[in-house]
Structures are given as C-alpha cells and as structure tokens.
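Working notes for the structure below.
Protein chains: 2
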Amino acid sequence: MSTPPILEQLRPYTQAVEEEIADVIRSAAGEDARGLYRMLEYHLGWVEADGTPVPEDARRSFAGKRLRPALCLLFCELAGGDWRSALPAAAAVELIHSFSLIHDDVEDGDETRHHRPTVWAVWGVNHAVNSGSNAQALVCTAALRCSLRGHADHLVLAVVRRLTEAVLRMTEGQYLDMRLEGGRIPDLHTHQTMVKGKTCALLSAACGIGWLLGDKSCDEDRLAQAEAFGEALGLAFQARDDILGTWGDASVTGKPVGSDLLRRKKTLPVVLAYQAASGDQRRQMERFFTKRTPSPAAAAAILELLESLGAREATQCEAERLASDAYARLEMLRPADGDETRTAAYDMIRSIVGFVLERDR
Amino acid sequence: MSTPPILEQLRPYTQAVEEEIADVIRSAAGEDARGLYRMLEYHLGWVEADGTPVPEDARRSFAGKRLRPALCLLFCELAGGDWRSALPAAAAVELIHSFSLIHDDVEDGDETRHHRPTVWAVWGVNHAVNSGSNAQALVCTAALRCSLRGHADHLVLAVVRRLTEAVLRMTEGQYLDMRLEGGRIPDLHTHQTMVKGKTCALLSAACGIGWLLGDKSCDEDRLAQAEAFGEALGLAFQARDDILGTWGDASVTGKPVGSDLLRRKKTLPVVLAYQAASGDQRRQMERFFTKRTPSPAAAAAILELLESLGAREATQCEAERLASDAYARLEMLRPADGDETRTAAYDMIRSIVGFVLERDR
Chain L
58 MSTPPILEQL
68 RPYTQAVEEE
78 IADVIRSAAG
88 EDARGLYRML
98 EYHLGWVEAD
108 GTPVPEDARR
118 SFAGKRLRPA
128 LCLLFCELAG
138 GDWRSALPAA
148 AAVELIHSFS
158 LIHDDVEDGD
168 ETRHHRPTVW
178 AVWGVNHAVN
188 SGSNAQALVC
198 TAALRCSLRG
208 HADHLVLAVV
218 RRLTEAVLRM
228 TEGQYLDMRL
238 EGGRIPDLHT
248 HQTMVKGKTC
258 ALLSAACGIG
268 WLLGDKSCDE
278 DRLAQAEAFG
288 EALGLAFQAR
298 DDILGTWGDA
308 SVTGKPVGSD
318 LLRRKKTLPV
328 VLAYQAASGD
338 QRRQMERFFT
348 KRTPSPAAAA
358 AILELLESLG
368 AREATQCEAE
378 RLASDAYARL
388 EMLRPADGDE
398 TRTAAYDMIR
408 SIVGFVLERD
418 R
Chain F
58 MSTPPILEQL
68 RPYTQAVEEE
78 IADVIRSAAG
88 EDARGLYRML
98 EYHLGWVEAD
108 GTPVPEDARR
118 SFAGKRLRPA
128 LCLLFCELAG
138 GDWRSALPAA
148 AAVELIHSFS
158 LIHDDVEDGD
168 ETRHHRPTVW
178 AVWGVNHAVN
188 SGSNAQALVC
198 TAALRCSLRG
208 HADHLVLAVV
218 RRLTEAVLRM
228 TEGQYLDMRL
238 EGGRIPDLHT
248 HQTMVKGKTC
258 ALLSAACGIG
268 WLLGDKSCDE
278 DRLAQAEAFG
288 EALGLAFQAR
298 DDILGTWGDA
308 SVTGKPVGSD
318 LLRRKKTLPV
328 VLAYQAASGD
338 QRRQMERFFT
348 KRTPSPAAAA
358 AILELLESLG
368 AREATQCEAE
378 RLASDAYARL
388 EMLRPADGDE
398 TRTAAYDMIR
408 SIVGFVLERD
418 R
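Here the protein sequences line up with chains L and F, keeping their order.
Using the working numbering, the first residue of the first sequence is number 58, and each one after it goes up by one.
Using the working numbering, the first residue of the second sequence is number 58, and each one after it goes up by one.
Written out as structure tokens, the structure is:
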C-alpha cells in the first residue's frame, strides 16, 4: 500500500505532533497509573496492548492520518505564524479525536479499528470509558502548553474555549446520530446538523485555532473563513466516509463491509436515496432501518437499492460540491505571491482537500 | 428525614451553584440536542427522565449534597474574597463530580443512585458515556466563566489547570480501583494512592481553587494548606463512605446493602481487616475477593469476619484521625478575631468536617 504524496509531505508536521502528545502524556501521567496511559498509547498506534513499542514504520498502519492536527499547524503557517508554536493546540485537537474514537467504538460496538482490536475490545468497556475520560482531560493539559510556546494568556483561553465548543458540538452530534439509529430516515437538513456536530466541529476548530495562533493581525473575517473552510471540508470528508463505509473495500478501510448499513446508520447515501425513492422503495427502506437486527441479506438488498437509485454517484457529486466550497473558502486566504512558506502551506491544504475527496480509506 | 443543620446553612451557597450550572447549560446547549443536556439535568435531580421538572423540595432527595462546590465557595470567602466570584469554578467542580458519577455508574454497573435509576439505566450505556463526555466538556465552559466574574486571565488558566489535574488524578484513581477489583487485597499505601485519586483530588482542587480566587495576597503556603485540608477531608470522607457502603442502611444511603463487598471493592475496612487477620482468615478473604461472582451468603460471612476483626471500629477510628488532620490544617487558616464573614466561613467548613465524619448517607 503506497502512501499518498500529501501524507508524505505532512510527515514533519505529524511527526512533531506525535512527539508533542508524548510530552503531554509524560507531563501528566502519575507513576502508579502508567497502565491507564498505555491504553491511549495503544489507541495512537505507538504500543501493543502489552506495552511493547510498535516499530516506527508499522505505527502508520495502526494510526490515523493525523489530518486534523496537520491542518491546525498548516493554518498557523498560512496565517504567517511559526507552525511549531501551534503544536500544543494540534496535540489537543488530536487528543479530542482520540478520546471520541475510544468512546465511539464503545458506543458503536466496533471491535476493530485500523486492523487492530479497539480499546474496549482489549481492556473491556469500563476501562475504555475511563481511558476516554482521561484522554479528554489531556486535551486541556495539551492546550495549556500553548503558554510554553509564548502565546499570551488570552490566546490560550481562546484556544481552550474553541476546543471546548468543539467537544460540546461533537457530543451533540453523537447524541443525534444515536437517536437516528433505529429511527426514521432524516431529511438532509437534520442529517447535516448531525454531521456538523460529529465531524465538522473539530475540523473547523482545528483550522480556526491554527489561524488564531498564527495571525498577528487578529483579523476576525479571515478567522471566520478558516473556520468555514474546516466546516466545508468536514462535510466533504463525511460524504466520502459514508461512501467508504457503504461500498469501501474492507481490507483497505479496516472496517467491515457494509458496516454502516448493518448498524442502520442514516448516512448521506441513505438520505439521498430516500429522497429519490418511490413509495414502495421508501417503505422497504423504512422497514430495514427500523429493524432491531437487520440481516446481512436485507442489507445487501438495500445496498442494491441504493445503487439503483444512483445514491453512490449522488453522494460523490455532493462531496465534490462541498470540496469546491472548501476550495473557494481557502482561496480567500491565498497568500501574496512570493511568500514561499505560506504558499507551501496553502498548497498542502489544497492537497488535503483533494486527498479527502479521493481517498479509499 | 430531617436535614442536618450545616446543610441548611449551606443552602444559599448550593442554591447559587444550581443556578450557575443552569446558566452554564443554557449557554452551551445547541437547540437540536436539548435531550442530551436533559440527561445531565436528570442526574442533577432537576427533572424526571421525560423532562418534567422536579418540584424544588423533592430535588434534594434526588441530588447530591453539593459539598464540593460549597467548599470551593467557602474557601474563597475564608481567603477574603466574594464567594459569588467563585461560582463558575464551583459549578465546574460539581460538573466534574457529575460526569464522573455518570461514568462510574456505567463502570460499576450501579442501577440506582439517590433512589432513582442511574443515567445508563434510563438511556442505556451508550448515551450515558456520551452524556458524561458532554458534562466533562461543560467543566471548561463553566471554568471559562470565571472571566465574567472579573478574574484575570492568568487566574482563569490556573483554575483550568487545577480542574484538569483533578480529572487526571480521578481517572487514575478509577483505573487503580478497577484493577484492584478481582485482584489481591492491597496494602494501606496502595489503597490510599487509589483514594487520593478517586476522592481527594477533586476535594483538594475545590478548596484550593476557592482559596486561589479569594486570596488577594497570593500566599502559596496558605494555598497549599487549603489543598492539604481538602486531601485530609477526602481521606476521612472515603473512610466514612466505606463504612456506609459496608454497613450502611440501604433505605438511607440509597445504595444496596453490602454493595461494596458484593462488588469486591477493596475498601478501607477490608484492607484493615486483612492486616489484622490470621493466615486462615486471610485465605478466606483472598478466596472471596478473587471470585468472579461472590454469593450474598459468602459476602455475609466476610461481613461477619470484618466485624470480628474490629474493622468497623478501626475504620471509624482512622476516619477520626484523618478528620483531626483536616481540622489542624484548617486551624492554620483561621481568620483574625473580629472578621465576621471569614469566621462564619471558617465555622461552616469546620461543621462540614464534622458532618462528613458522622453522616449516615
């Protein structure tokens, strides 16, 4: 499996994030509770369940792509700041992502992630809930380290405020998502509200916080553009994620085939197919999505229905429209000609949008 | 059930905390996710599961005693500050307590608390995990409101730092506690390490943060005394809690009889009894505490053994010793004669120690 060029380009940034998170854990961990922090380190892909370190090159296949913290650092650079000064905030962003995944895996009953058993599958639900809370507290530990990088107190508070808002919106999105499971198929607006919470809030915060820490001029309008970019990217990201969760190759995504359907997730393809469906087809979908334990055969029939209604193309089309929106927001933040550092950051952010749209895992 | 006088005296403080938490929730809640915040409001004893408001006078029997936020406010007053200025911090302290209980009830499998079904028992484990995360995020929302009460940015950051430390220590304590379940009976030192995390960290933070916000002179030594008081009180509180969890009257405590034993909790009476036990008795205890599902009959036999080894008296004696330590720490912060407001706060804090030691629920 070759690594996409943009992920190679991001390596110096994501590597620095890993080191910052390691410092956060080192600074926080009480000596009697090393085993608690090991659960997070396992989730991050750094160690095996027994604590054995994972070799550097194997880590990547166990870990996420670290796009959120990378965006935080790149937006700091795009705004004219030193990206290293945003490392504590980027670490905080990744820790939010980590704790929410540890909890989401419990809530969704997912037994594997990135080709390994999830935290609850290894240590049980109780330890996973506690480990998630612990990682959530580390978000603040990380954010407060912005002071060590020379940021003024009011900026550190602004970072904490934005991170907190993101977590609130994420838990609201997760609440809506769980409520939709087993319930009616929502309209596009309700679906988007849920995605804005679950996926966009953190991406938007990552970009906004990066910009905030890098922009000496404190331009509110441009900060808002950075946040709006994150939101558009989040919607595009989720649309692509929904395609992968419905039609993706399990050996590549690391998630079971049709897993979203079997969990009766009201993904974008489902919402769009329902809009296009006839009365009979709608009833077929409603029956499936309100059943407690849908059979794989019923899921296969729904998959066929989604295909025949053009939901796959419609979703990809929507993802592309959202990506265009993201490009347009980014365009407003394009640096002046000749500013090489900022232009490099700009180009990498553009590449991330392209990657999100075309990724197969 | 008559209310102890000190709880009546604290009413203006605890009532103001309830209002502050309500404001925090109002300021944070997205309109599409009211149902998520309702879970917290239910846990706090404000509403029924369907959202019906609980009448003012019935709330108390569903709610905790709010001793932690009250201590935060009283230490602010004792240090010479206006206690109302510490309300956001006190709300944050209570929210830490709330989210940790929502998660602890999941982890311990407890189905009732304060005579009502726990959050997970009403809405299921998944919603409870998510509701706990949401309440944990509200801790920061509350803490950041210290700015609204005129506190300088560096103080607000100091509050966030102390709250974060408390949550880290609490999750470490919970980790140690869960590891001890089903394992060997620990020595007194290991037991104390666990209690310092689970119980003392938040009480110590509550007192320290209150002092910090009230003390204009920023006296580090006296701040450390306030924190040390909280730790000693926490140890005393837990010792008393262990007595109630082992020998308490279920109709008063709202917890099942012998629940700590049935859950194989390594409480202080167990640790002290084990120290005093003969070889045979130790083996009996070891057999019981490493069994997966101990029978009520076996639990009754262990209860008898604990009694015969004098564990009940030894634990109460230890609780009293710890309370004396707390009194001694508090003595160092005694206000000058004639300062009525501070002396009133001092006296109420003393009464809280007495209440903690003698309470039956």
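Think of the CB as a built atom: it goes at the ideal place given N, C-alpha and C, for glycine as much as any other residue.
For F/GLY92, a Cβ of chain L is located within less than 8 Å of the residue's own Cβ. Residues of the region 87–120 of chain F with a Cβ closer than 8 Å to any Cβ of chain L, in chain order: GLY87, ASP89, ALA90, GLY92, LEU93. As for any alpha helix (DSSP H) of minimum length 4 sitting wholly inside the region 281–356 of chain F, the runs are 307–310, 316–319, 325–333, 336–347, ordered along the chain.
Spatial neighbours of L/GLY240 in its own chain (CB-CB distance under 6 Å, excluding positions within 5 residues in sequence) are not present. Residue nearest to L/GLN373 within the set L/LEU414, L/THR228, L/ARG91, L/MET251 is L/LEU414 (criterion: CA-CA distance).
Taking each of L/THR247, L/ALA383, L/THR398 in turn and checking the Cα distance to L/LEU329, the smallest one comes out for L/THR247. With a cut-off of 8 Å on Cβ pairs, the region 188–199 of chain F is not in contact with the region 122–135 of chain F, counting fewer than three such pairs. Chain-order list of chain L residues neighbouring F/ARG226: GLY87, by C-beta distance under 8 Å. Here the region 61–80 of chain F makes contact with the region 127–135 of chain F; the two share three or more CB pairs at distances below 8 Å. Going by beta carbons, F/LEU259 and F/VAL410 fall outside the 8 Å limit. For the C-beta of L/LEU201, the chain F residues within less than 9 Å are, from N- to C-terminus, LEU214, VAL217, ARG218, THR221.
Runs of the alpha helix (DSSP H) lying entirely within the region 87–174 of chain F and spanning at least 4 residues, in chain order: 91–100, 113–119, 124–135, 144–165.
Its chain contains GLY271 as the residues whose beta carbon lies nearer than 6 Å to that of F/GLY137, once the 5 sequence neighbours on both sides are disregarded; these appear in chain order.
Within chain L, the C-beta atoms nearer than 7 Å to that of F/LEU233 come from ASP89, ALA90, in chain order. For the pair F/ARG321 and F/LEU135, the CB atoms are not nearer than the 8 Å cut-off. In the three-state scheme derived from DSSP, where H, G and I count as helix and E and B as strand, F/ARG416 is classed as coil. Counting C-beta pairs with one atom in each stretch, the region 378–395 of chain F and the region 290–303 of chain F have three or more that are closer than 8 Å, which means they touch. Within the same chain, SER204 come within 8 Å of F/ASP210 by CB-CB distance, once the 5 residues on both sides are set aside. No Cβ-Cβ contact shorter than 8 Å links F/ILE406 with F/TYR331. Contact of L/THR347 with chain F by beta-carbon distance below 7 Å is absent, the smallest such distance being about 17 Å. If the five residues before and after F/ALA215 are omitted, its C-beta is found closer than 7 Å to the C-beta atoms of LEU269, all from its own chain and listed in chain order. Residues of chain F with a Cβ closer than 7 Å to the Cβ of L/VAL186 are, in chain order, HIS160, VAL163, GLU164, VAL186. Under the three-state reduction of DSSP, F/HIS208 is assigned to coil, being neither helix nor strand.
Straight-line spacing of the CA atoms in F/GLY181 and F/VAL163 works out to 9 Å. Counting only runs of at least 4 residues, the region 368–404 of chain L fully encloses the following alpha helix (DSSP H) elements, listed from N- to C-terminal order: 368–388. In this structure, the straight-line span from the alpha carbon of L/LEU245 to that of L/LEU325 is close to 8 Å. Exclusion of the five residues before and after L/THR198 leaves VAL81, SER84, ALA85 as the residues of its chain whose Cβ lies within less than 8 Å of its Cβ. L/LEU292 places its beta carbon 8 Å or farther from that of L/ASP417. Nearest CB-CB separation between L/GLU229 and chain F: below the 8 Å threshold. According to the DSSP assignment, F/GLU77 belongs to the alpha helix (DSSP H) that extends over 68–85.
Considering only beta carbons, the part of the region 243–260 of chain F lying closer than 7 Å to chain L consists of THR250, in chain order. Against chain L, the CB of F/ASP210 has a partner CB under 8 Å away; the residue lies at that interface.
Annotation: L/THR109 to L/LEU67 spans about 26 Å, alpha carbon to alpha carbon.
Across the set F/ARG349, F/ARG279, F/ALA223, the C-alpha of F/ARG279 shows the shortest separation from the C-alpha of F/LEU390.
Our two residues, L/GLY367 and L/PHE286, have alpha carbons roughly 28 Å apart in a direct line.
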